[in-house]
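In our numbering, the protein residues as written are 173 to 1004.
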Amino acid sequence: MKQSLRLVLLLLFIFPFSIIHAQTPPTYNSADIYLQLKKLNVLGSVLYIAAHPDDENTRLLAYLSKEKQYRTGYMSLTRGDGGQNLIGDEQGIELGLIRTQELLAARRIDGAEQFFSRAYDFGFCKTAKEAMETWGHDKILSDVVWVIRKFQPDVIITRFPGDERAGHGHHQASSLLANEAFKAAADPNMFPEQFKYGVHPWQAKRILWNTFNFGSVNTTDSTQFKIDVGVYNSLIGKSYGEIASESRSQHKSQGFGVPRQRGQAFEYFLTTGGDAPKNDLMDGVDNTWDRIKASTVHDKINGIISQYNFEYPEYSTAPLVDLYKSIQQLPDSYWKTKKLAEVQQLIIACTGLFAEAASSNEHAVQGDSIHVQFFFNKRNNANVNLKEVQLLSYDSTVGKVLGNNQNLSFTKAFTVPVDAKISQPYWLEKPLQSGSFDVSDQTLIGKAQNDAAYIARFIFTINGVDFSVDRAVQYKFTDPVKGEVYQPLLIVPAITGKFDQPLYVLDGAKQKQVALDLKTKKTFNKVDVKLSAGDQWTVTGGTFNKALQKNTTEETNAVVSKGTAGSITNLSVAINNITDDQNNSYTQPLQEEHSIVYEHIPPILYYKPLTAKVEKIDVVVEGKNIGYIIGAGDKVPQALQQMGYNVTLLNEATITDDNLKKFDAVIAGVRAYNTQDWLYSKYDVLMRYIQNGGNYIVQYNTSNFISSVSNKIGPYPFTVSRTRVTDENAEVKILQPNSTVLNYPNKITQADFNNWIQERSIYQAEQPDSHYKTPLAMHDANEPESNGSLILTKYGKGNFVYTGLVFFRELPAGVPGAYRLMANLIALPQNK
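This is the structure:
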């Protein structure tokens, strides 16, 4: 029994992505099969380590995976939660969910595997010390050691150096942790609690820094070990530069689409631990079958390769089955397990076998049922017998020889238990800790995503040997535009709720109306719930008691009132009785379902406890009508509406002289000038708006290699810099205490900068013209003071403002001082 458990754990470690969801079941052409045959003779692995999605060198990963045919992995310490979002308004964990899927899409192209630690991307930081203190040094070191021990790389490569040349505290920390883990993974006294899960100490041969030439920083030189990774693969029909460009272009939320690259491309390396390579990356590593004393296997594989028929891959089925049986006789080892799985995949590929388990149900709803169709087609002359089909409690002996290119299908219904565990991303099952995700299950750490909710197992007999083939059960449908589409089949709650706002702000008002939507995915005989709030608050209404039909949304309203100034409460929903049409009772707290949908990634669902924050903020508002120019996407308009403003979204057609007259202020969303090229053509219109008494507020725009401000945006010149203040608690100096923007209609003091989140200011103004006032100054530790977080000037009868202050983070978080300062910026024209 212990041996079986050990084998299961080893399989889980070696093949973390063997069950891939939201994809067409895998099929392979003759060139794919030939390349995989050659890979059978390569027993080597490389692990690349960096800090974020998009830090990885996709060209090197593609070369190592597809040209050298090493088992190749990328470990990103974070999921990129703290980055900016070019395609929508998702921030924080939502952005991390998007970037996780973008990384997986990139790996499907370049052939590497994907791993993560529990570190949360809390935004830009300037030192490794801050990063490791925030994450928890030992916790993340343990994660890196764990991945090394289970992946067993021969060579480890870091993207960044362990010093300030890394350009980011997270980057620097990723290098320091990787180099520390290089030694710690081999030390049996380090994290010994991991050994009960099947891993053991592992010493990689070497660890290298993949030096770089980024912009003005060139860390490469001619004395370093180098590899030309730009070579062309005729079987794939692409060079690795072309493959890498496709892979990198999956990082769409970061605007990282790049052109295909061709020609020589050298990568350079410095050794930071272990023996330095002289002629080959794997110098001193035996990556042949000799490493497990099985040289005869090498000869058998060469024989199969030499006899491979591109027109009839099925001719290789019998010798591959014989090879499989030979490898089975070897002593247990990491590489035995790995190569058995590779040979099995090749056998299935050579038979032309298509096997899937697909559901017509979009979701597996708690307490409901799903229908799963099992479909098989053996598309060539190989001899394949479908012996058995297993899914949940269903275990059916089929015993049917599959005919050549003949379809076989049948459908079964399965009940989803009322208490079935919902498909919550595993790292979000518990609340986020200060700097890392709370994941206590050791076997989940490092995984890119959850396993599929349901996995069907098919047992095929091929040439007298049984092979188990697992397929994720997926939702399959036909889209009139896209054609056949596969999506993950997720287990979801039968009933969820959602408040119309995540945050309700009471400014001058004493009460606020709130709305709660209840959404069903099955029929309920009774739904009896009631809204409640904290002791200092009163909820009037909010009682719901009725039957609900399947796939309906019902709203209930309430008024929340009272509460002392500055107080905060959370609205919650108490369950009195929820019973479905089969008399199943639902007692678990209601969840709020969040959906993220983009064309380039599978649909994402995740859940939060059903709650909303109500905050009473002492803020005076002047003016009423706001025009808002959407940039890369943010949630500032919703916050402005909570303050009582009427917000109108503006586009190219609606920014006209006549239309702008009705607005007390026009606000440009984050990165508006980076993402809306037409906005530059509206310069004259916006300047006339200011001259005639309007107020134009521009939030931050980036200045980097991806996107920069190319023309002037204010009435007088200034430069958008890369200066940022990343310490959210950095001291803010008030340089001009009598400035109207700090006094009307709200008196701004240093207390208004308490409780900010993630950072203070980014992409600040530099070299402002003398017309601009700079009322605030701030800086990170050990850096010079900067007064570019807020600049403003009178122009004609109106005002222009540029600010790097991160209102897009602070307003949705309900930070009172951010509301008060934004109200003052909007009120500038009112202060005659």
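By construction, the Cβ of each residue, glycine as well, lies at the ideal position given by its N, Cα and C atoms.
{"Query": "Could you give the DSSP three-state label for residue 347: helix, strand or coil?", "Result": "helix"}
{"Query": "Relative to the C-alpha of residue 1007, which residue among 857, 260, 629 and 607 is closest?", "Result": "Because the chain here runs from 173 to 1004, residue 1007 falls outside it and cannot be looked at."}
{"Query": "Determine, using beta-carbon pairs with one atom in the stretch 837 to 856 and one in the stretch 778 to 794, whether at least three such pairs fall under 8 angstroms.", "Result": "no"}
{"Query": "For the ligand NAD, is there any heavy atom lying closer than 7 angstroms to the beta carbon of residue 480?", "Result": "The ligand NAD is absent from the structure shown, which contains no ligands of any kind."}
{"Query": "Going by DSSP, what residue range makes up the alpha helix (DSSP H) through residue 979?", "Result": "979 to 982"}
{"Query": "Tell whether a beta-carbon distance below 8 angstroms holds between residue 276 and residue 252.", "Result": "no"}
{"Query": "Thinking C-alpha only, which one of 942, 971 and 977 is nearest residue 951?", "Result": "977"}
{"Query": "Whose C-beta lies closer than 8 angstroms to the C-beta of residue 742 among residues of the same chain, with five residues either side of it excluded?", "Result": "705, 706, 783, 784, 785 and 786"}
{"Query": "What's the C-alpha gap between residue 1011 and residue 653?", "Result": "For residue 1011 there is no data in the structure shown, the boundaries of the chain being 173 and 1004."}
{"Query": "Would you kindly report the start and end of the unbroken beta strand (DSSP E) that includes residue 497?", "Result": "Note, residue 497: premise wrong, no beta strand (DSSP E); alpha helix (DSSP H) at 489 to 500."}
{"Query": "Identify whether residue 314 lies in helix, strand or coil by the three-state DSSP scheme.", "Result": "helix"}
{"Query": "Could you please give me the residues that DSSP links to residue 438 through a beta bridge?", "Result": "400"}
{"Query": "On the CB-based measure, 16 or more other CB atoms within 10 Å of its CB, does residue 514 come out buried or exposed?", "Result": "buried"}
{"Query": "Using the beta-carbon count (16 or more within 10 Å), is residue 313 buried or exposed?", "Result": "buried"}
{"Query": "Run through the DSSP bridge pairs and tell me what residue 292 is partnered with.", "Result": "In the DSSP output, where bridge partners are listed per residue, residue 292 has none listed."}
{"Query": "May I ask which residues mark the beginning and end of the beta strand (DSSP E) holding residue 730?", "Result": "725 to 734"}
{"Query": "Count the other C-beta atoms from every protein chain shown that fall within 10 angstroms of the C-beta of residue 274, then say buried if there are 16 or more, exposed otherwise.", "Result": "buried"}
{"Query": "If you count every other CB in all the chains shown that lies within 10 Å of the CB of residue 264, and 16 or more means buried, which is it?", "Result": "buried"}
{"Query": "Please classify residue 767: is it buried, with 16 or more other beta-carbons within 10 angstroms of its beta-carbon, or exposed?", "Result": "exposed"}
{"Query": "When you compare the CB of residue 402 with every CB in chain E, is at least one pair closer than 8 angstroms?", "Result": "Among the chains in the structure shown there is no chain E, since it carries only a single protein chain."}
{"Query": "With a threshold of 6 angstroms on Cβ separation, who are the neighbours of residue 960 within its own chain once the five nearest residues in sequence on each side are excluded?", "Result": "936, 937 and 938"}
{"Query": "Leaving out five residues on either side along the sequence, give the residues of the same chain with a beta carbon under 7 angstroms from the beta carbon of residue 886.", "Result": "972 and 974"}
{"Query": "Taking all protein chains shown into account, do 16 or more other C-beta atoms lie within 10 angstroms of the C-beta of residue 986, making it buried, or fewer, making it exposed?", "Result": "buried"}
{"Query": "Using the DSSP secondary-structure output, state which residues sit across from residue 371 in a beta bridge.", "Result": "According to DSSP, residue 371 bridges with nothing at all."}
{"Query": "Might you give, ordered along the chain, the residues of its own chain that have their beta carbon closer than 7 angstroms to the beta carbon of residue 269, omitting 5 neighbours on each side?", "Result": "597, 768, 776 and 778"}
{"Query": "Just checking my contact of residue 427 with residue 258 at CB under 8 angstroms: how many whole Å lie between their CB atoms?", "Result": "4 angstroms"}
{"Query": "Opposite residue 938 in the DSSP bridges: which residues?", "Result": "891"}
{"Query": "Would you identify the three-state DSSP class for residue 527, choosing helix, strand or coil?", "Result": "strand"}
{"Query": "In terms of residues, what are the limits of the alpha helix (DSSP H) holding residue 650?", "Result": "Careful: residue 650 lies outside any alpha helix (DSSP H), inside the beta strand (DSSP E) at 637 to 651."}
{"Query": "For residue 985, does the three-state DSSP call read helix, strand or coil?", "Result": "coil"}
{"Query": "Between residue 638 and residue 403, what straight-line distance do the alpha-carbon atoms span, to the nearest angstrom?", "Result": "40 angstroms"}
{"Query": "Enumerate in chain order the residues of its own chain whose CB-to-CB distance from residue 311 is below 7 angstroms, with the five nearest sequence positions on each side excluded.", "Result": "290 and 608"}
{"Query": "Measuring CB atoms only, is the stretch 960 to 970 touching the stretch 814 to 832, in the sense that at least three cross pairs come out at less than 8 angstroms?", "Result": "no"}
{"Query": "Can you say whether residue 648 is buried or exposed, counting buried as having 16 or more other CB atoms within 10 angstroms of its CB?", "Result": "buried"}
{"Query": "Can you tell me where the alpha helix (DSSP H) with residue 507 in it begins and where it stops?", "Result": "506 to 522"}
{"Query": "Is the Cβ-Cβ distance between residue 467 and residue 476 less than 8 angstroms?", "Result": "no"}
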